[in-house]
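Everything on this sheet refers to the single structure shown next.
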Amino acid sequence: MRKNLPRRWACLILGGALLMPYMMAGALVAGLTAGRQGEFLLPLQVGLYAAVLPVVAVTGLFLPVRGLEVSAAQGLLGARVETPPREARRSWQERRRTAAWFTLHLAVGGVVSGFTLAIVPFTAYTLALPFFGGPTPVLGVGVRPGWPALAWTLSGIVALVALVLMVAGAGALLTRLAPVLLGPTPGERLAAAEERARVLAGRNRLARELHDSVGHALSVVTLQAAAAGRVLDRDRETARTALDAIERSARAALEDLDHALGVLRAGDPPGGPGAPAGRATLDDLDTLIAASGAPVEREVGDVSGVPAPVSREAYRIVQEALTNAIKHGRSPVRLAVAVRDGCLRLEVANRTAAPARAAGPRGGRGLEGMRERVRLLNGDLDAGPAEGEGPAEGEGPAEGEGWWRVSARLPLRSAP
0 MRKNLPRRWA CLILGGALLM PYMMAGALVA GLTAGRQGEF LLPLQVGLYA
50 AVLPVVAVTG LFLPVRGLEV SAAQGLLGAR VETPPREARR SWQERRRTAA
100 WFTLHLAVGG VVSGFTLAIV PFTAYTLALP FFGGPTPVLG VGVRPGWPAL
150 AWTLSGIVAL VALVLMVAGA GALLTRLAPV LLGPTPGERL AAAEERARVL
200 AGRNRLAREL HDSVGHALSV VTLQAAAAGR VLDRDRETAR TALDAIERSA
250 RAALEDLDHA LGVLRAGDPP GGPGAPAGRA TLDDLDTLIA ASGAPVEREV
300 GDVSGVPAPV SREAYRIVQE ALTNAIKHGR SPVRLAVAVR DGCLRLEVAN
350 RTAAPARAAG PRGGRGLEGM RERVRLLNGD LDAGPAEGEG PAEGEGPAEG
400 EGWWRVSARL PLRSAP
């Protein structure tokens, strides 16, 4: 309280200083209305004070005083006011709150400033009364040296103490009300929460894109490099094919990474217009399969009518499923893509070395990312061991093997 009292006192004096132009204009209007010049140096009049407060409230609705008042509340009052977000247009809810605070600040500050200007000189004058040699007028009363002077001195000290208590109480009141009236309104908090949710969603999307693209490329590079190393001396053609797959995968991942970093350097918020929303589509499946270097048996129907957003997400789902098949399964990988009953149906299946019930990708965020993509499109995803026969008709798993299958259904149009 002691440390904050001088600064809070200064904040109240600031409110009184901001009130002075209103008081002077009110005195001028009152003087002109009465047919005589305004008397600007008269003591504060209660009627004039009450008359200008509605004008203060109206100006608080339209003047951009919120930033000034927030700075004063934080720096002088010591109030913990959450900095409100900047908005292109001020809401009426925010205007009303700012006007209420502005009126309260100036009203209380005007009273405190008036008493400060009156009591502080009065106390100083009464403290000097005992030292005067003769009778001294105080408020129209002649005060003689001795006990009468000491009584007036005591009254001056009491008035000063009362002023300090009034300042402390007024400062505490404003400090308590500042976060309520100057902080973000419910509408601003909702807008800020929506903005944070949008940014987080964009970051999650960017993370998924980089995980799918770079993770797929690293898996292909690792496996193909190992394969090339094993056959380099005896089968140069196979090694050259593996190295070519490594080059294509690394180049594609580097392009996606450069694009994502370019978006971040440009300051575009994640998920904004420039964010990498998955540029590749189902039309690029041949390139994806060729870059993987894995034997893939595919049945791809006509996907020309698939909407671009669905096609981009479907490509990423196939990419992630193919990555998991290469990392955790055995060749060949079977891929089926078709449009049936207004839905895009995807299926990626591969043999697994372990029994089907225990096989499949462990750890990582690949399966979770696929589920998020499917959920965003109001589709269904089924990933796990396939019961019974494998994807090819009449062909079951060999002894000691199982099938791992990822099956997705993506509606081509959003449900009304």
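Numbering-wise, the sequence shown is residues 0 to 415 according to the working numbering. We put the CB at the ideal spot given by N, CA and C, even for glycine. Given the structure is predicted, the values throughout are model-derived calculations rather than measurements.
In the DSSP secondary-structure assignment, residue 349 is bridged to 332 and 403.
Fully contained in the segment 137-215 are the following alpha helix (DSSP H) runs of length 4 or more, in chain order: 146-181. The three-state secondary structure of residue 129, taken from DSSP, is helix. Between residue 404 and residue 337 a beta carbon distance of about 15 Å is seen, past the 8 Å cut, so the two are scored as non-contacting.
About 20 Å separates the beta carbon of residue 369 from that of residue 298, a gap too long to meet the 8 Å contact definition.
In the three-state DSSP reduction, residue 84 falls in the coil class, being neither helix nor strand. Between the alpha carbons of residue 251 and residue 217 lies a gap of roughly 11 Å. According to the DSSP assignment, residue 59 belongs to the alpha helix (DSSP H) that extends over 45-61. DSSP places residue 305 in no alpha helix (DSSP H); its state is neither H nor E. In this structure, residue 214 lies away from residue 351, with their beta-carbon atoms at least 9 Å apart. Below 8 Å, too few C-beta pairs join the segment 85-105 and the segment 116-131 to call them touching: fewer than three. Checking the DSSP bridge columns, you'll see residue 299 partnered with 336. Of the other Cβ atoms in all chains shown, fewer than 16 fall within 10 Å of the Cβ of residue 123; this residue is therefore exposed. Within the DSSP bridge table, the entry for residue 135 names 142 as partners. For residue 379, the enclosing beta strand (DSSP E) has its first and last residue at 379-384. A direct Cα-Cα distance of roughly 16 Å separates residue 293 from residue 229. A distance below 9 Å separates the beta carbons of residue 25 and residue 51.
Shown here, residue 294 sits in coil according to DSSP, grouped into three states, outside any helix or strand. A contact is defined here as three or more CB-CB pairs under 8 Å, and the segment 373-387 meets this definition with respect to the segment 308-317. When DSSP states are grouped into helix, strand and coil, residue 65 belongs to the helix group. Residue 217 is bridged by DSSP to nothing; it lacks a bridge partner. Judged by beta-carbon spacing, residue 180 lies within the 9 Å limit of residue 103, meaning their Cβ atoms are closer than that value. DSSP places residue 6 within a helical segment (H, G or I) once states are collapsed to three. Rounded to whole angstroms, the separation of the alpha carbons of residue 70 and residue 170 is 15 Å. Secondary structure at residue 344: strand, using DSSP grouped into helix, strand and coil.
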